[in-house]
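Protein chains in written order, with this note's numbering: chain P, 1 to 259; chain G, 1 to 259.
Reviewing the structure listed below.
Structure, rendered in structure tokens:
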């Protein structure tokens with residue numbers, strides 16, 4: 001398959017860099033075509049602004065939503081944005097790899113999302129009616145593709161457990177896995193998470209590579225997180241609240257997975 | 001009081017810009033000293049990298065954690081970082097204002113957090129022992145100060161409700177309110193959230209300003225979100241899991257608020 005790794009770490013000789021290099025070699029050895037968007041090496045522009053359209057703002061004030069749509073529809077997006085969109089369309093599977101900084105992705109990767117996920121490409125797709133609220137949450141231009149997070153953190157697994165002080169890792173990643181990946185259509189695989197990065201020695205690194213290889217070898221067969229599709233009857237439209245008879249008594253992120 | 005507004009929107013004539021201008025005027029009229037970090041106007045550098053230390057990386061490879069610490073301890077941080085830290089120390093109350101982009105903050109604001117929240121300033125503070133796991137989650141250099149989010153989103157309130165498809169707004173904001181604000185010591189006030197920004201006309205804007213004024217007038221008296229302190233007995237150390245006898249049966253973000 002075609003695999004895109006979007007990678008965000010400032011130091012090539014870091015643990016993240018070594019894991020990325022291992023993943024590329026391992027996937028290529030298995031016969032896959034691999035592209036890497038190494039955001040730091042690309043000096044990726046993180047801040048979404050009027051320069052993201054070759055025509056600038058249409059009116060005297062910049063509108064992040066409408067100007068992105070106009071640039072997308074007219075083929076006048078900044079070339080760095082269009083190039084990343086092409087890579088996403090090329091890929092069968094997308095891996096987002098990053099260190100968890102302040103319980104989310106590094107700014108440079110957030111800026112990749114903010115800019116590449118343009119209106120017309122990742123949102124604002126499909127009809128809005130009383131039965132269908134846009135092609136999103138399981139539908140969209142990236143439907144049929146798979147995605148997985150590869151995340152490292154200095155904290156302990158217990159700190160990110162069900163009652164750990166940082167909050168459960170799956171809940172911390174929900175805005176990314178559900179809100180950024182499932183939203184434009186990806187099937188989202190359970191994340192590959194590395195804890196206590198400061199304690200990873202040569203032996204530990206070998207073990208991590210072994211675990212990662214197992215995940216890379218099963219990218220096409222691993223069951224995705226069973227997030228609920230928006231437009232297939234589970235949600236009231238346009239309120240977009242879960243139907244009363246589904247997951248009764250549940251609220252919060254957990255309600256949006258099929259049981 | 002001294003109030004710092006950290007503001008992230010690319011267009012001054014946006015709804016966010018108008019709300020920020022209103023907040024500044026209203027707070028100044030009430031006698032407060034106000035500083036604004038207008039990140040787009042400052043052309044804030046979003047990507048954390050080796051240039052954040054005036055000495056670059058200490059070794060042949062850049063370490064985001066150790067190099068930030070060395071620069072902080074030796075007074076060799078990039079001046080833009082040190083200047084923002086000074087503003088945080090000056091402030092009694094900090095407002096983070098931004099549009100919700102992909103269920104989190106814009107990249108430029110995340111980059112403010114990634115870089116200003118240096119090792120030694122916002123984390124890595126205080127002793128680590130079997131009774132105290134660093135000055136964090138309610139303790140730290142920013143303890144005694146208050147913080148509040150001002151967030152706008154195009155989506156409807158119901159989409160962000162208890163069973164709304166995006167997930168509850170309080171849970172989406174937990175990584176910011178608990179992980180970024182409470183972590184270095186802030187008392188965190190309930191957020192000011194504006195929904196359906198596309199529908200805000202002149203009348204709606206007047207109503208919003210009225211609601212915002214009520215929040216700004218009560219910054220010093222509003223009860224903070226009752227997040228649990230890390231080092232006062234609620235958590236096992238070093239596992240940092242909530243004690244079994246507290247919030248029994250609860251897991252996830254909700255367990256970290258006192259009932």
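Where a beta carbon is used, it is the ideal one built from N, C-alpha and C, also for glycine.
*For residue 18 of chain G, which residues of its own chain have a beta-carbon under 8 Å away from its beta-carbon, when the five flanking residues on both sides are left out?*
205.
*In chain G, which residues lie less than 7 Å from residue 186 of chain P when you measure between Cβ atoms?*
Under the 7 Å cutoff, chain G gives no residues; its nearest Cβ is about 13 Å from residue 186 of chain P.
*Who are the neighbours of residue 84 of chain P on chain G, taking C-beta pairs under 8 Å?*
Close to residue 84 of chain P, with beta-carbon spacing below 8 Å, lies no residue of chain G; the smallest spacing is near 14 Å.
_Own chain residues within Cβ distance below 7 Å of residue 181 of chain P, not counting five before or after_ = Same-chain partners within the cutoff: 147, 188.
*If you draw a straight line from the alpha carbon of residue 3 of chain G to that of residue 152 of chain G, how long is it in whole angstroms?*
Taking the straight line joining both Cα atoms gives about 20 Å.
*Please name the residue, chosen from G:171, G:255, G:56, G:81, that lies closest to residue 117 of chain G on a Cα-to-Cα basis.*
Selected option, being the one with the closest Cα: G:81.
*Where the beta strand (DSSP E) containing residue 96 of chain P begins and where it ends*: It spans 93-99 - the beta strand (DSSP E) in which residue 96 of chain P sits, taken as one unbroken run.
*asked:* Using only the alpha-carbon positions, how far apart do residue 7 of chain G and residue 214 of chain P sit?
replied: Approximately 44 Å between the Cα atoms of the pair.
*Applying the criterion that 16 or more other CB atoms from any shown protein chain within 10 Å of the CB defines a buried residue, is residue 79 of chain P buried or exposed?*
So residue 79 of chain P ends up on the exposed side.
*For residue 199 of chain G, count neighbouring Cβ atoms within 10 angstroms of its own Cβ and tell me buried if that reaches 16, exposed if not.*
Residue 199 of chain G comes out exposed.
*Can you give me, in chain order, the residues of the region 137-171 of chain P that have a beta carbon less than 8 Å from any beta carbon in chain G?*
For the region 137-171 of chain P, which is checked against every Cβ of chain G, the residues closer than 8 Å are 137, 154, 156, 158, 159, 161, 162, 163, 164, 165, 166, 167, 168, 171.
_Residues near residue 171 of chain P by beta carbon distance below 7 Å, same chain, minus five either side_ = Contacts found: 253.
*chain G partners of residue 203 of chain P, CB-CB under 8 Å?*
Taking a Cβ-Cβ cut-off of 8 Å, residue 203 of chain P has no neighbours in chain G, whose nearest Cβ is about 20 Å from it.
*Within chain P, partners of residue 251 of chain G - CB distance below 8 Å*: Taking a Cβ-Cβ cut-off of 8 Å, the neighbours of residue 251 of chain G in chain P comprise 162, 163, 168, given in sequence order.
_Taking the straight line between their C-alpha atoms, what separation do you get for residue 225 of chain G and residue 178 of chain G?_
In a straight line, the C-alpha of residue 225 of chain G is about 9 Å away from that of residue 178 of chain G.
_CA nearest to the CA of residue 241 of chain G, picked from P:208, P:250, P:194, P:159_ = Restricting attention to P:208, P:250, P:194, P:159, the CA atom closest to the CA of residue 241 of chain G is found in P:159.
_Between the region 36-48 of chain G and the region 109-116 of chain G, can you find at least three pairs of beta-carbon atoms closer than 8 Å?_
Counting Cβ pairs under 8 Å, three or more are found: they touch.
*Out of curiosity, what's the CA-to-CA distance linking residue 35 of chain P and residue 83 of chain P?*
Between residue 35 of chain P and residue 83 of chain P, the C-alpha separation is close to 12 Å.
*At a CB-CB cut-off below 9 Å, which residues of chain G make contact with residue 62 of chain P?*
What residue 62 of chain P touches in chain G: 10, 11, 13, 14.
*Assuming residue 163 of chain G and residue 251 of chain P make a contact with CB atoms under 8 Å, what is their CB distance in whole Å?*
With 8 Å as the limit, residue 163 of chain G and residue 251 of chain P qualify as a contact, their Cβ atoms being about 5 Å apart.
*Fully enclosed by the region 201-239 of chain P, which alpha helix (DSSP H) runs are 4 residues long or longer?*
DSSP runs (the alpha helix (DSSP H)) wholly in the region 201-239 of chain P: 202-217.
*Do residue 73 of chain P and residue 138 of chain P have their CB atoms nearer than 8 Å?*
A distance of 8 Å or more separates the beta carbons of residue 73 of chain P and residue 138 of chain P.
*Inter-residue Cα distance where the pair is residue 103 of chain P and residue 11 of chain P*: A direct Cα-Cα distance of roughly 20 Å separates residue 103 of chain P from residue 11 of chain P.
*Rounded separation between residue 155 of chain G and residue 196 of chain G - CA only*: Approximately 5 Å between the Cα atoms of the pair.
*Can you give me, in chain order, the residues of the region 105-117 of chain G that have a beta carbon less than 7 Å from any beta carbon in chain P?*
Along the region 105-117 of chain G, going in chain order, the ones with a CB nearer than 7 Å to a CB of chain P are 106, 107, 108, 110, 111, 113, 114, 117.
*Would you give the residue range spanned by the beta strand (DSSP E) that residue 72 of chain P belongs to?*
Where residue 72 of chain P is concerned, there is no enclosing beta strand (DSSP E), although the alpha helix (DSSP H) it sits in stretches over 66-73.
*Going along chain G, which residues have a C-beta under 7 Å from residue 242 of chain P?*
Within 7 Å Cβ-Cβ: 163.
*asked:* Is residue 130 of chain P close to chain G? Criterion is C-beta to C-beta, closer than 8 Å.
replied: At least 8 Å separates the CB of residue 130 of chain P from every CB of chain G.
*Where do the ends of the alpha helix (DSSP H) carrying residue 88 of chain P lie?*
Unbroken alpha helix (DSSP H) run through residue 88 of chain P: 79-90.
*What is the DSSP secondary structure of residue 140 of chain G, counted as helix, strand or coil?*
Assigned with DSSP and collapsed to three states, residue 140 of chain G falls in coil, not helix or strand.
*Would you say residue 90 of chain G reaches chain P, if we count a Cβ-Cβ gap shorter than 8 Å as a contact?*
Chain P contact via Cβ: absent.
*Tell me whether residue 7 of chain G sits in a helix, a strand or coil according to DSSP, three-state version.*
DSSP places residue 7 of chain G in the strand class (E or B) of the three-state scheme.
*Delimiting residues of the beta strand (DSSP E) encompassing residue 35 of chain G*: Secondary structure note for residue 35 of chain G: its beta strand (DSSP E) is the uninterrupted segment 33-38.
*Could you name the residues of the region 174-200 of chain P whose beta carbon sits closer than 9 Å to any beta carbon of chain G, in the order they occur along the chain?*
Listed by position along the chain: 174, 175, 176, 178, 179, 180, 183, 198.
*asked:* Just checking: is the beta-carbon of residue 245 of chain P within a distance shorter than 8 Å of some beta-carbon in chain G?
replied: Residue contact with chain G for residue 245 of chain P: absent (no Cβ-Cβ distance below 8 Å to any residue of chain G).
*Note down, in chain order, each residue of its chain lying with its Cβ closer than 7 Å to the Cβ of residue 87 of chain P, except the 5 sequence neighbours on either side.*
Scanning its chain for C-beta atoms nearer than 7 Å, with the 5 sequence neighbours on each side dropped, one finds around residue 87 of chain P the residues 4, 35, 37, in chain order.
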